[in-house]
Structure formats: C-alpha cells, structure tokens
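Worksheet: the structure to be examined is printed underneath.
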Amino acid sequence: GAVVSQHPSRVICKSGTSVKIECRSLDFQATTMFWYRQFPKQSLMLMATSNEGSKATYEQGVEKDKFLINHASLTLSTLTVTSAHPEDSSFYICSASIVQKGSYGGDTQYFGPGTRLTVL
Amino acid sequence: QQQVKQSPQSLIVQKGGISIINCAYENTAFDYFPWYQQFPGKGPALLIAIRPDVSEKKEGRFTISFNKSAKQFSLHIMDSQPGDSATYFCAASIGGGSTLGRLYFGRGTQLTVWP
Numbered sequence: 017g018a019v020v021s022q023h024p025s026r027v028i029c030k031s032g033t034s035v036k037i038e039c040r041s042l043d044f045q046a047t048t049m050f051w052y053r054q055f056p057k058q059s060l061m062l063m064a065t066s067n068e069g070s071k072a073t074y075e076q077g078v079e080k081d082k083f084l085i086n087h088a089s090l091t092l093s094t095l096t097v098t099s100a101h102p103e104d105s106s107f108y109i110c111s112a113s114i115v116q117k118g119s120y121g122g123d124t125q126y127f128g129p130g131t132r133l134t135v136l
Numbered sequence: 045q046q047q048v049k050q051s052p053q054s055l056i057v058q059k060g061g062i063s064i065i066n067c068a069y070e071n072t073a074f075d076y077f078p079w080y081q082q083f084p085g086k087g088p089a090l091l092i093a094i095r096p097d098v099s100e101k102k103e104g105r106f107t108i109s110f111n112k113s114a115k116q117f118s119l120h121i122m123d124s125q126p127g128d129s130a131t132y133f134c135a136a137s138i139g140g141g142s143t144l145g146r147l148y149f150g151r152g153t154q155l156t157v158w159p
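Set out below in structure tokens:
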C-alpha cells in the first residue's frame, strides 16, 4: 500500500513552453501533498505544500506564478512549470502524506518516483 | 539554516559490515524522525521511522537509535549488502500545526558497500 505515482517520468521540452507533472496517490487519500526539487547529489528542496481544495503554500524563493500547483482532489496534485527555461531543468518529486491516527507526531510521507525535466 | 545535520556525507563499508549514519537536530518540537533510502533516478522510499517516545526501533537489518537528550538519532545497517548502496536521508517533522507535517531533510549520505 501507500503508492504514489508521477507522470511523466521524464520530459524534454523547448525553452518557453509549459510542462505539467501529475502526482497521484493510488491507494489512499492524501489531504496534503508536497512538491520537491532535487539537484544532482543534493538533498530534497521543498517547493510547496498543497492541500486539497485550497491554494498551495510556497516556500520562500519559489515563484508561485512560475510553478503552478493544483490539488484538485484527494488523490491528484499537479505541478505546471510555466515558460520553462534551462535553469528549471531538474528532478521534481512529489509526496503525499497519510495522517497517523491515534498517535502524536508527524504524518508519514510517501514519495513518487520523480520526474526528470530537461529544458532545451 | 540546516534544521537537521547529517554525517558523514559519504560512507564506504565492506560487505557484511555495519553502516552507521548520524543526524542531529536543534528544534525540540520535532516529534517524528524518518529515514529515507534513494537510488539514482528514483524517488526516496521510506525505510524506517521513529517517534521520541522510544529509544530504539529495529526492522530487519535496519535500526534507529534515538537519544532525545542529546537531540541525535542514527541509522544502523547491519550486515551491509551491495544492494544497500544508495543515498540515505534522515528527516524530522512536527505533527500538526501550521507546518502541516513538513519534513526537514538532512543533506544525505552516499553509502557504498563493497562486495
């Protein structure tokens, strides 16, 4: 259980175009989904947190008009990179959290397989 | 400011040996400490996690040791295998509140297990 999928797994696009990445929780409902960016041999950088039916909360320094996040349902969140440029090339990873019932502490996050974006 | 500090950055262990990765944190509000394993080109996979009401948790060859007073926790991989070669990330989060379960990651440890 607790499977998160992403589509596409890799995408190559021309500079100036927009790219949409989908993140789905396949066997559970996720109230909260997270979007990360990861550069080679580096840690995960949180870009934004999204809750179903509400606007995403972006981390400092992340352009919300460039990285559009839509959390349309409890199983689907999308990240759209608008007017992509070569510097947006990166590995984008989403995660979805499951609320831990009956115990204190943070929710367990399960990660998708990631999307490799290359902007030419 | 790095909320969770992880060491070492890289680790080379012989097959059958013990791999130890350490993490430290400052924020005493953290109450959930997961470890993730990531292979190249893949997303992180939850390996094992601990909450501060216990000092140790073991799952197969993987053990988390947690020292609340020292604000440190570590991952021990017993009988390390070449298939364990991956990048390992420790993380911490705060349940509920405005942080919405946000994970704070360490910088990662690249583990190489030699056959």
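Top to bottom, those sequences are chains G and S. Just so you know, we're using the working numbering here: the first sequence kicks off at 17 and counts up by one. Just so you know, we're using the working numbering here: the second sequence kicks off at 45 and counts up by one. Note that beta-carbon positions come from the ideal geometry of N, C-alpha and C, so glycine has one too.
Using CA atoms only, rank isn't needed, just tell me which of S:Phe117, S:Ile92, S:Pro159, S:Val98 is closest to S:Arg105.
Per the C-alpha coordinates, the member of S:Phe117, S:Ile92, S:Pro159, S:Val98 positioned closest to S:Arg105 is S:Ile92.
Beta-ladder partner(s) of S:Ile138, from DSSP
According to DSSP, which records beta bridges pairwise, S:Ile138 is partnered with nothing at all.
Output yes if chain S places a C-beta closer than 8 angstroms to the C-beta of G:Tyr126; else output no.
Contact of G:Tyr126 with chain S is assigned, a C-beta pair being separated by under 8 angstroms.
From the DSSP secondary-structure annotation, give me the bridge partner or partners of G:Met49.
G:Met49 pairs with G:Ser66, G:Ala112.
Chain G partners of S:Lys86, CB-CB under 8 angstroms?
The contacting residues are Pro129, Gly130.
Based on DSSP bridge pairs, tell me the residues matched to G:Val97.
Note: G:Val97 is bridge-paired with G:Val35, G:Phe83 in the DSSP secondary-structure output.
When the Cα atoms are used, what is the spatial distance from G:Ile114 to G:Thr131?
Taking the straight line joining both Cα atoms gives about 22 angstroms.
Name, going along the chain, the residues of the region 33-56 of chain G whose beta-carbon falls closer than 7 angstroms to a beta-carbon of chain S.
Cβ contacts with chain S: Thr48.
Is the CB of S:Phe106 under 8 angstroms away from at least one CB in chain G?
So no, S:Phe106 is outside the interface.
Just how far apart, CA to CA, sit G:Ser21 and S:Thr156?
The alpha-carbon of G:Ser21 is positioned some 28 angstroms away from that of S:Thr156.
Could you check if G:Ser34 is buried or exposed, using at least 16 other CB atoms within 10 Å of its CB as the buried criterion?
By the 10 Å Cβ count, G:Ser34 comes out exposed.
Helix, strand or coil: how does DSSP classify S:Pro84 here?
Three-state result, S:Pro84: coil.
For the region 74-133 of chain S, list the beta strand (DSSP E) runs that are entirely contained and at least 3 residues long, ordered along the chain.
As far as the region 74-133 of chain S is concerned, its whole beta strand (DSSP E) runs of at least 3 residues are 77-82, 89-94, 100-103, 106-111, 116-121.
Compute the distance between the beta-carbons of G:Cys39 and G:Ser93, then report whether it is under 8 angstroms.
When the beta-carbon positions are compared, G:Cys39 and G:Ser93 come within less than 8 angstroms of each other.
I'd like to know whether the C-beta of G:Ser113 is nearer than 8 angstroms to at least one C-beta of chain S.
Yes, its Cβ sits closer than 8 angstroms to a Cβ of chain S.
Residue closest to G:Phe50, alpha-carbon to alpha-carbon, out of S:Thr153, S:Arg151, S:Leu147, S:Trp158:
Between G:Phe50 and the set S:Thr153, S:Arg151, S:Leu147, S:Trp158, the nearest pair of CA atoms involves S:Leu147.
Kindly identify the DSSP beta-bridge partner or partners of G:Arg132.
Assignment of beta-bridge partners to G:Arg132 by DSSP yields G:Arg26, G:Phe107.
Under 9 angstroms between beta-carbons, which chain S residues line up against G:Leu62? List them in chain order, please.
Per Cβ cutoff of 9 angstroms: Arg146, Leu147, Tyr148, Phe149.
Can you check DSSP and say which residues form a bridge with G:Phe127?
Note: G:Phe127 sits in a beta bridge opposite G:Ser111.
Which residue comes first and which comes last in the beta strand (DSSP E) that contains S:Phe149?
Here the beta strand (DSSP E) through S:Phe149 covers 147-149.
Within the chosen definition, does the region 53-68 of chain S reach the region 122-133 of chain S through at least 3 CB pairs nearer than 8 angstroms?
Inter-segment contact for the region 53-68 of chain S and the region 122-133 of chain S is present: three or more beta-carbon pairs are separated by less than 8 angstroms.
Straight-line gap, S:Ser63 to S:Leu119 (C-alpha atoms, nearest Å):
Each residue's alpha carbon lies about 8 angstroms from the other.
Classify G:Met63 as buried or exposed, calling it buried when 16 or more other Cβ atoms lie within 10 Å of its own Cβ.
Classification for G:Met63: buried.
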